[in-house]
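If you count by this note's numbering, then the sequence shown holds residues 430 to 712, one letter each, in order. Shown next, in structure tokens, is the structure this report addresses.
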Amino acid sequence: MDKAGFPRKPAKLSASPASNIPKDDIPEALRDTPVLKRRSRLRRSLLIIAPLGLGAIALISAMLLPKPDVNSATTQEPTEASLEASESESESEADDLLGHLPYEEAPLSELQRITADGSIKLRTPAANKFQEMSAAARRSGVILVPLSAFRSVAKQEYLFFDVKAQRGQVASKRAEVSAPPGYSEHHTGYAIDIGDSMTPATNLSPSFENTAAFKWLEQNAAYYSFEMSFPRDNPQGIDYEPWHWRFVGDSHSLETFYKAKKVADPVSNLSVEPIEGWEQSEK
């Protein structure tokens with residue numbers, strides 16, 4: 430029996446109708462929907478956060494890693510190859526002297542005279558070819574005159590040092606018209622200075638290029654294996670010498686001139702001075 434004036438205890442609420450429905454009766458589309466949504470959101474968050482995290486790690490690593498020393502990369506010790514190249518260049522520079530290349534003196538036993546008095550000589554192969562060339566020129570009405578050929582180192586010493594002292598010239602000035610001893614093509618027995626018998630005033634002068642002898646040589650000398658040693662703008666920087674020719678008709682003569690090392694710092698802006706006698710042939 431209820432006591433009067435006291436409220437009754439509230440009745441227990443029954444569970445919601447849905448909670449009493451068996452799970453198999455819930456449509457599949459509605460089962461565990463909140464869980465699936467949470468997982469989907471979590472995956473999207475991971476896809477966004479993961480790259481950002483990796484990028485941050487990479488940035489921090491790059492900042493912490495030591496930077497390469499630029500100066501150390503540019504100041505590497507020279508390699509063996511670079512040292513050899515440097516030595517080779519130094520040797521090349523040392524081989525020329527005032528624009529002239531070194532040549533050995535031909536043995537006297539290998540020389541043959543090309544004039545009646547025997548004062549002018551060439552190595553035998555060059556002498557034979559010069560005589561053939563001279564005979565061919567004569568048949569064309571041109572007389573080639575040999576002015577100077579083989580010259581010893583002793584002779585070149587006089588022409589360079591003694592004449593330099595007599596004229597009060599510095600070595601570089603003297604080298605414009607005379608090679609130092611040991612550096613003249615005339616030592617080889619393959620070089621010869623040629624004149625024109627009809628115009629002796631042009632001997633050993635650039636004006637020789639205007640003579641019949643020079644024009645004939647220009648067209649025919651190669652047939653006898655002769656070439657001009659110092660054309661205009663030659664790589665050695667030596668004066669233009671249209672009268673100075675050399676024989677390159679066998680292996681030895683070819684190697685003598687073309688195996689000579691290239692001049693590293695050729696003398697330039699050389700000029701020819703009017704000189705008495707045959708002095709301008711002193712190269």
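Don't be surprised by glycine CBs; every beta carbon is placed ideally from N, CA and C. It should be emphasised that the depicted structure is a prediction, and the values quoted were computed from it without experimental measurement.
Pick out the complete beta strand (DSSP E) segments inside the region 536-622, 3 residues or longer, and give them in chain order.
Residue ranges of uninterrupted beta strand (DSSP E) with 3 or more members, entirely inside the region 536-622 and ordered along the chain, are 540-542, 550-552, 573-577.
Residue 670 in three-state terms, based on DSSP
Here the question's residue 670 lines up with position 241 in the sequence shown. Residue 670: strand per DSSP, three-state reduction.
Throw me the rounded Cβ distance for the residue 612 and residue 530 pair, which I believe falls under 8 Å.
Locating residue 612 in the sequence shown gives position 183, counting from the first residue. Locating residue 530 in the sequence shown gives position 101, counting from the first residue. Contact holds; Cβ gap of about 6 Å.
With a CB to CB cut of under 6 Å and the five nearest residues on each side skipped, what residues in its chain are close to residue 689?
For the purposes of this step, residue 689 is taken as residue 260 along the sequence shown, with counting starting at 1. Cβ within range, chain order: 530.
Taking C-beta to C-beta, are residue 668 and residue 659 nearer than 8 Å?
For the purposes of this step, residue 668 is taken as residue 239 along the sequence shown, with counting starting at 1. For the purposes of this step, residue 659 is taken as residue 230 along the sequence shown, with counting starting at 1. Yes, the pair counts as a contact, with Cβ atoms nearer than the cut-off.
Is the region 585-599 in contact with the region 570-577, if contact means three or more CB pairs nearer than 8 Å?
no
Inter-stretch contact (C-beta, 8 Å, three-pair minimum) for the region 583-592 and the region 627-645
Three or more beta-carbon pairs separated by less than 8 Å are not found between the region 583-592 and the region 627-645, which leaves the two stretches without contact.
Can the beta-carbon of residue 554 be found less than 8 Å from the beta-carbon of residue 676?
In the sequence shown, the residue the question calls residue 554 occupies position 125. In the sequence shown, the residue the question calls residue 676 occupies position 247. Closer than 8 Å, so yes.
Between residue 558 and the rest of its own chain, which residues show a CB-CB distance below 8 Å, the 5 nearest in sequence each way excluded?
Along the sequence shown, one-based indexing puts residue 558 at 129. The answer, listed in chain order, is 653, 654, 655, 676, 678.
Per DSSP, what kind of secondary structure is residue 634 in: helix, strand or coil?
Counted from its first residue, the sequence shown places residue 634 at position 205. Of the three classes helix, strand and coil, the one that applies to residue 634 here is coil, per DSSP.
Just to confirm, are residue 547 and residue 579 a CB contact at a threshold of 8 Å?
As a first step, residue 547 must be located in the sequence shown, where it is residue number 118. As a first step, residue 579 must be located in the sequence shown, where it is residue number 150. In this structure, residue 547 sits away from residue 579, with a CB-CB distance that is not shorter than 8 Å.
Same chain, Cβ closer than 6 Å to residue 640, five either side skipped, listed in chain order
Taking the first residue of the sequence shown as 1, we reach residue 640 at position 211. Cβ within range, chain order: 625, 628, 631.
Contact set for residue 603: own chain, Cβ-Cβ below 7 Å, skip 5 residues either direction
The residue labelled residue 603 in the question sits at position 174 within the sequence shown. Only 589, 593 meet the Cβ criterion.
Contact defined as beta carbons within less than 8 Å: I believe residue 563 pairs with residue 615. What is the distance between those atoms, to the nearest angstrom?
The count along the sequence shown starts at 1 and reaches residue 563 at position 134. The count along the sequence shown starts at 1 and reaches residue 615 at position 186. So it is not a contact: roughly 18 Å between Cβ atoms.
Among 556, 551, 623, 687, which residue has its Cα nearest to the Cα of residue 637?
By 1-based counting over the sequence shown, the position of residue 637 is 208. Cα-wise, what sits closest to residue 637 is 623.
Assign residue 568 to buried or exposed, taking buried as 16 or more other Cβ atoms, counted over all protein chains shown, within 10 Å of its Cβ.
Along the sequence shown, one-based indexing puts residue 568 at 139. Its Cβ having fewer than 16 others within 10 Å, residue 568 is exposed.
Considering just the uninterrupted stretch of the beta strand (DSSP E) at residue 656, what are its terminal residues?
Numbered from its first residue, the sequence shown carries residue 656 at position 227. From DSSP, the beta strand (DSSP E) with residue 656 extends over 655-659.
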